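Read the structure below first, then the notes.
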Amino acid sequence: MSKRKAVAFISILMILITMIPTGFAAETDVTVSMTTISSNKIENGDSFNLGITISNKTNQTIKIKGVRTQDSSFQITSLSASISGDLEKNGVRSTDLILKYFGGKKDLIIAVDYDIDGTPYTTRLRTAMPAVPVWEEDDNADESKDYQPNVMVDPTQTIPTLIAGRANTITIGFVNDASYEAKNIRIEPQILGIANSPFEAKQVSIVKNITELKADQYESVSFSVDVKGNAPSGQVIIPIKGTYENAFGDEFPLTINYYVKVQNSNAMPVMAVQSVKVDKGTLNAGTTDILRVTLKNTGSLQVKNLSAQISGFTANGIQLNNAVDTQFIKQINGGQVAVLSFPVAAYEKIITGNQSLNLSFAYEDAYGKAGENTATIFVPVEGESATSSDGNAYLMLESYDFGGDAVTAGESFDLTVRFQNSNTENAIENTVVTISSEDGIFVPVQSSNSFYIEKLDPKEVYEHTFTLSPSRDAKYQSYKVNFNITPNHGIESPEISIPVIQEMRLKIQEPSYLPSATIGTRMDYDVDFYNTGRTTLYNLAIRAEGNFEMPEGSDSYIGNLNSGSSNYYSLTLVPSEEKVEGVIYFDYEDAVGGTHTKEMKVSMLATPGMDEGDFSGGEEFPPDFEGGIEPPIDGKSGMPLWGYGIIGVVALGLVVTVVKKRKAKKAEEELDLDE
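For the sequence shown, position 179 matches number 575 in this note's numbering, and the numbering has no gaps at all.
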């Protein structure tokens, strides 16, 4: 090839290259070079230091992921300093690699993996080491075991997430990071050997095989595991044992700790009282009836072997009517209800009002984990008028209100009570009402725990408001509140029950960077969210609205999000205006069924898209052009396929020319490290 033709070829090649979209980074843009070496003679089994420097010649920041050897008889054992992390444009980073030589060929390839805007790339250093292969040391040595492959988990593989309560497929990628072929690879995940295993044991052992794994080759194996529905969220180590052979049949052990992440959005089972009633509507004095208590499993996991014990009966109140105080239910599925039935009888002189009884529950979840909780129920009774035996009047708790279905732990609330003088003739004078709570859960805030009634006329009502604060550590359950009346005229103190729930905290993490948006082009908008509160968020559902198009099925139902758990929502949208605006709604319920909504605004700018015919590079090709070039599809910019074909032909011609000239000099290409 003449000099003039070579120059023409290169000129055409450079022009065509400039037409290629800049969505990739050439290996020369990020380089790795050798700076030092600690030895000029390396023998089988020797360790040595190799200094390298990574240079970022791109015009943007790169993120270095790691360094490794490739198709090599050398293995990195450690680094003097970490190289991972961001490297700014025109930046450099240096470290010393500690390598071990395994007696094979002298060629060394150092591969550095990095990302640019989430796209992975690799740059390589190719050189020769002053190494002495085992076949040069001793011609009579039995060297077959020195040809050891290096089977390992693919270092670029991400940690898989397993969902509790279902079967999950785990796919593990393996690579042979050595120069020698591996064969008969046997892989055995030790599922049964994990302490407090989150997995259900449905088979004694799992064995997977890979027939062969050549140097720098990738293969994967998959196996299924069932994760228990009550498995805690977090990382779990699966020990993997196995063996593999080299080309000579020598066997080598394989020991790996493989990490997986368990994600559990199931709500643990908790028994709650949904309703209380008697068949006749009200339990009348001196009569019998059936008390029916409806229970609900508020969790998403099954309850089994439930025992429910009722207590709180008194001689002058409600009594069991020839029945046992404990009933059993075999199972209640998540979200389902069951009914307890107790025959009861009312004392003939029972006082009209609500009589309190207690229920205690003991049960197991579907995996045998024990649970228990208690509840207070109130039974409406009709009996004698609310007047004491000596004819004096007394206070009756007519009604109370605490502002909703439940109060939140750690948050103050107002409890308003209304007491009525139940007598039709006599007034009440000089009476004190003092409030107290079970386990001191409710503490008065900037107010007294009592109030004084100087005088209350017959049938008159006295109203008072307490400001109370529940303990921040209060568990989700109902707590008793007692009103001690002095003097009480021999009448029992009235009692109420207030449910307490934990504060709900849904933290929504906006994207750390906004993805590029183009009008008319589909894009993803990813949002992470976390339950940072102490209680489960129930029936979490996510929806979005805005001045953009969304595919059908964009709404997402997450279900129950346990305390400390996290998840993400990926919104696929197509901008239709330059200013993209919308809202993502997070709807969920608390433990007593109250609904809540949290919002996150979506706002970004979209660039106009390029429609077909918008190309500004000059006149169109004449209609009689014989190349048969088709216009770009869907308006996307970039070079058409014919351009890549021309580049391939030109590049092939140049390569042939260079190869011919270099054949004669091949013997001189060896690196002389002693100079």
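Glycine included, each C-beta is placed from N, C-alpha and C at the ideal position. Note that the coordinates shown come from a computational prediction; the quantities given were computed from them, not determined experimentally.
For residue i, the three-state DSSP class (helix, strand or coil)
i, result
"residue 541", "helix"
"residue 588", "helix"
"residue 530", "helix"
"residue 481", "strand"
"residue 834", "helix"
"residue 492", "strand"
"residue 425", "helix"
"residue 461", "strand"
"residue 613", "coil"
"residue 578", "strand"
"residue 430", "strand"
"residue 983", "strand"
"residue 660", "coil"
"residue 441", "coil"
"residue 520", "strand"
"residue 765", "coil"
"residue 974", "coil"
"residue 688", "strand"
"residue 1017", "Per-residue confidence for residue 1017 stands at a pLDDT of 39, beneath the threshold of 50, marking its modelled position as unreliable; no derived number is given."
"residue 606", "strand"
"residue 665", "coil"
"residue 880", "strand"
"residue 631", "strand"
"residue 472", "strand"
"residue 643", "coil"
"residue 506", "strand"
"residue 694", "coil"
"residue 872", "coil"
"residue 389", "Residue 389 is absent from the model: the chain starts at 397 and stops at 1071."
"residue 555", "coil"
"residue 622", "strand"
"residue 525", "coil"
Beta-carbon proximity of residue i to residue j, cut-off 8 Å
i, j, result
"residue 666", "residue 754", "no"
"residue 728", "residue 689", "no"
"residue 902", "residue 933", "yes"
"residue 812", "residue 880", "no"
"residue 584", "residue 603", "yes"
"residue 479", "residue 489", "yes"
"residue 994", "residue 904", "yes"
"residue 434", "residue 445", "yes"
"residue 822", "residue 866", "no"
"residue 461", "residue 426", "no"
"residue 719", "residue 682", "no"
"residue 877", "residue 794", "no"
Nonlocal neighbours in the same chain, by C-beta distance under 6 Å from residue i, ignoring five residues either side
i, result
"residue 518", "507, 509"
"residue 930", "898, 959"
"residue 484", "457"
"residue 936", "954, 957, 984"
"residue 791", "815, 881"
"residue 563", "620, 622"
"residue 680", "778"
"residue 671", "690"
The ligand SAH heavy atom lying under 7 Å from the CB of residue i
i, result
"residue 470", "As far as ligands go, the structure on display features none, and thus does not contain the ligand SAH."
Same chain, Cβ closer than 7 Å to residue i, neighbours up to 5 away in sequence not counted
i, result
"residue 639", "582, 647, 648, 649, 650"
"residue 978", "940, 941, 942, 943, 944, 998"
"residue 611", "467, 572, 574, 575, 576, 577"
"residue 615", "570, 606, 609"
"residue 596", "622, 624"
Nonlocal neighbours in the same chain, by C-beta distance under 8 Å from residue i, ignoring five residues either side
i, result
"residue 586", "634, 635, 636, 637"
"residue 915", "971, 972, 973, 974, 1002, 1003, 1004, 1005"
"residue 369", "A query on residue 369 cannot be resolved here, the shown segment of the chain reaching from 397 to 1071 and no further."
"residue 906", "923, 996"
- Where are the beta strand (DSSP E) runs, 3 residues long or more, that stay fully inside the region 888-954, in chain order? Unbroken beta strand (DSSP E) stretches of 3 residues or longer found wholly inside the region 888-954: 891-897, 902-905, 919-927, 933-942, given in chain order.
Next on the checklist: To test your reading of the DSSP string, which unbroken beta strand (DSSP E) runs of 3 or more residues are found completely within the region 795-829?
Outcome noted: Complete beta strand (DSSP E) runs here, min 3: 809-817.
inquiry  = For the pair the region 550-558 and the region 524-531, tell me if three or more CB-CB distances fall below 8 Å.
reply    = Contact between the region 550-558 and the region 524-531 is absent, because fewer than three Cβ pairs lie under 8 Å.
Worksheet item: Contact between the region 802-815 and the region 980-997: three or more CB pairs below 8 Å?
Response: Taking 8 Å as the limit for Cβ pairs, the verdict is that the region 980-997 does touch the region 802-815.
**Prompt:** So, do the region 691-708 and the region 748-765 have three or more beta carbon pairs nearer to each other than 8 Å?
**Reply:** With three or more CB-CB distances shorter than 8 Å, the region 691-708 counts as touching the region 748-765.
Can you list, in chain order, the stretches of the alpha helix (DSSP H) that have 4 or more residues and sit fully within the region 715-758?
-> Residue ranges of uninterrupted alpha helix (DSSP H) with 4 or more members are absent from the region 715-758; none lies entirely inside it.
| said: Using a Cβ distance threshold of 8 Å, determine whether the region 453-472 contacts the region 480-495, with at least three qualifying pairs required. | reply: Result yes; three or more Cβ-Cβ pairs closer than 8 Å.
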